[in-house]
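Numbering (the numbering used here), first residue to last: 378 to 536.
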């Protein structure tokens, strides 16, 4: 495997994602956006909830805000997201285990991270929705603006 190198590209202005379980749009879903970096740890941020059609939009500003909050909490584990970003992004719809881990992180870091109001309730609501659905693969369709501003991988996983 080749080493990851910093990219001369800038983070996309917008990621537009539609989340699915099987073939159906997944309302209320959360997704991880992971910025792969050439040094230290990648930035993995959770965004949601999706609208009724399973759609979410994430801006460059939101990607930077979440990454910089993570960097502020763990400065030894991360570098600046734009300096060492490789140009690659991974998208993954959160499953039940991911939601459990996100709720644990919320309990641990809620005083220092700056979670939005209602974050934990939205996560619990999504977890309940996943429990009520028949098993299926979680996936996403992604468009980015500008179109060639990143290489995007969608990671499928079981709900």
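We put the beta carbon where it would ideally sit given N, CA and C, even for glycine.
- Query: In terms of alpha-carbon separation, which member of 429, 392, 399 lies closest to residue 533?
  - Reply: 399
- Using the DSSP secondary-structure output, state which residues sit across from residue 534 in a beta bridge. 515
- Query: If you count every other CB in all the chains shown that lies within 10 Å of the CB of residue 453, and 16 or more means buried, which is it?
  - Reply: exposed
- Message: What does the Cβ neighbour count give for residue 449, buried or exposed, with the cut at 16 atoms within 10 Å?
- Response: exposed
- Message: Going by C-alpha to C-alpha distance, which of 437, 429, 483, 511 sits closest to residue 500?
- Response: 483
- Sort out for me which residues DSSP pairs residue 520 with in a bridge. 393
- Task: Would you kindly work out how many angstroms separate the C-alpha atoms of residue 466 and residue 426, rounded to a whole number?
- Result: 20 Å
- Message: Please report the straight-line C-alpha distance between residue 516 and residue 489, rounded to a whole angstrom.
- Response: 31 Å
- Task: Work out the CA separation of residue 469 and residue 412 for me, nearest whole Å.
- Result: 12 Å
- the ligand FAD heavy atoms versus the CB of residue 512: any closer than 7 Å? With respect to small molecules bound, the structure shown includes none, and the ligand FAD cannot be examined in it.
- Query: Are three or more beta carbon pairs between the region 493-508 and the region 404-411 nearer than 8 Å?
  - Reply: yes
- Message: For residue 511 and residue 397, what's the separation of their Cα atoms in angstroms?
- Response: 13 Å
- What does residue 528 pair with, by DSSP beta-bridge criteria? 465
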